[in-house]
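Here the sequence shown stands for residues 3 to 245, numbered as in this note's numbering. Ideal placement from N, C-alpha and C gives every residue a C-beta, glycine not left out. On a predicted model such as this, the values are computed, not experimentally measured, just so you know.
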Amino acid sequence: MSAPAVSTVAVSTVAGSGAHGRTGFFGQGGLEPYERTLLRGLGRITLHAVDGGIAPDSDATYFSVRDWCAPATACEFDLLATLAGPLLDVGCGPGRMLVAAARAGIAAVGVDPSAVAVGLARARGARALRQSVFAPLPHEGGWGAALLLDGNIGIGGNATVLLARLAALLAPAGRVVVEADPLPTLDVSFSAVLEDAPGHASEPFPWALVGADALAGHAGRAGLAVAGTRHVQGRVFVTLRRP
3 MSAPAVSTVA VSTVAGSGAH GRTGFFGQGG LEPYERTLLR GLGRITLHAV
53 DGGIAPDSDA TYFSVRDWCA PATACEFDLL ATLAGPLLDV GCGPGRMLVA
103 AARAGIAAVG VDPSAVAVGL ARARGARALR QSVFAPLPHE GGWGAALLLD
153 GNIGIGGNAT VLLARLAALL APAGRVVVEA DPLPTLDVSF SAVLEDAPGH
203 ASEPFPWALV GADALAGHAG RAGLAVAGTR HVQGRVFVTL RRP
């Protein structure tokens, strides 16, 4: 969905069920900090662990919204060059990777439950659906690739469940590219809220942080296997495929 954040993980916008049995959409509900900040196109928002949840090093993670709205990076274009369409961008946000896919000649669709994010993506000329990845989608079983960049492996707070859903969406030769946390063994789930600079907070939602080593275990349980790992400018990208 977005460019690298200022912490070790970035964000997503699709909900599911996960940590502590909660359900919810990233940054939504309450005073809607995610959509408020997207509309400004800049600023900082904070992900706080709540209800005793534990995030690494601290109970808060910070993100730059300007980065989320920026064009795709050179390393992201390199990733796209390894994939065959059609491509599904899960948690597409304002559509930066959808625009990049179009430039690379790859047919792509994004999913995101945020009306503002989907509106911004469509304004860029991208195709985006306002819904969760766990809801029925077009072309099920036929996607050539799926993206879970910028920490979107955290969607729903359960990486195995999320990857199993993507495995069901993929064509037999399909691939999933996941951006993992730089801490390779990290594997935590917790309830979180999002808060913007003025203090507008969302409702709680489930979230997860997963490093590359832990991701391999989740992938195996979801019927996928690691096909390769790239380390680029402090970011870690893992490609998954059917075994």
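Any non-hydrogen atom of the ligand GTP closer than 6 Å to residue i Cβ
| i | result |
| --- | --- |
| A125 | Judged by which ligands are present, the structure shown has none, so any question about the ligand GTP falls away. |
Residue i classed as buried or exposed, judged by whether at least 16 other C-beta atoms fall within 10 angstroms
| i | result |
| --- | --- |
| R24 | Because the pLDDT of R24 is 43, which lies under 50, any placement of that residue in the model is unreliable, and the number read from its coordinates should be weighed accordingly. The residue is buried, with at least 16 neighbouring Cβ atoms inside 10 Å. |
| V234 | exposed |
| T187 | exposed |
| H50 | buried |
| P35 | buried |
| C94 | buried |
| E181 | buried |
| G156 | buried |
| L164 | buried |
Which residues DSSP lists as bridging residue i, in chain order
| i | result |
| --- | --- |
| V180 | L150, V240 |
| E197 | T48, A203 |
| F192 | W209 |
| F65 | I47 |
| A130 | G112 |
CA-to-CA distance, residue j to residue i, given in whole angstroms
| i | j | result |
| --- | --- | --- |
| L85 | R129 | 18 Å |
| L81 | P206 | 32 Å |
| E142 | G26 | 23 Å |
| A119 | W145 | 22 Å |
Delimiting residues of the alpha helix (DSSP H) encompassing residue i
| i | result |
| --- | --- |
| G219 | 214-223 |
| A161 | 161-171 |
| E37 | 35-42 |
The beta strand (DSSP E) enclosing residue i, as first and last residue numbers
| i | result |
| --- | --- |
| E229 | One point to set straight first is that residue 229 is Ala, not Glu, in the sequence displayed. Here the beta strand (DSSP E) through A229 covers 227-234. |
**Item:** Complete runs of the beta strand (DSSP E) confined to the segment 87-115 [at least 3 residues]
**Value:** 89-92, 110-113
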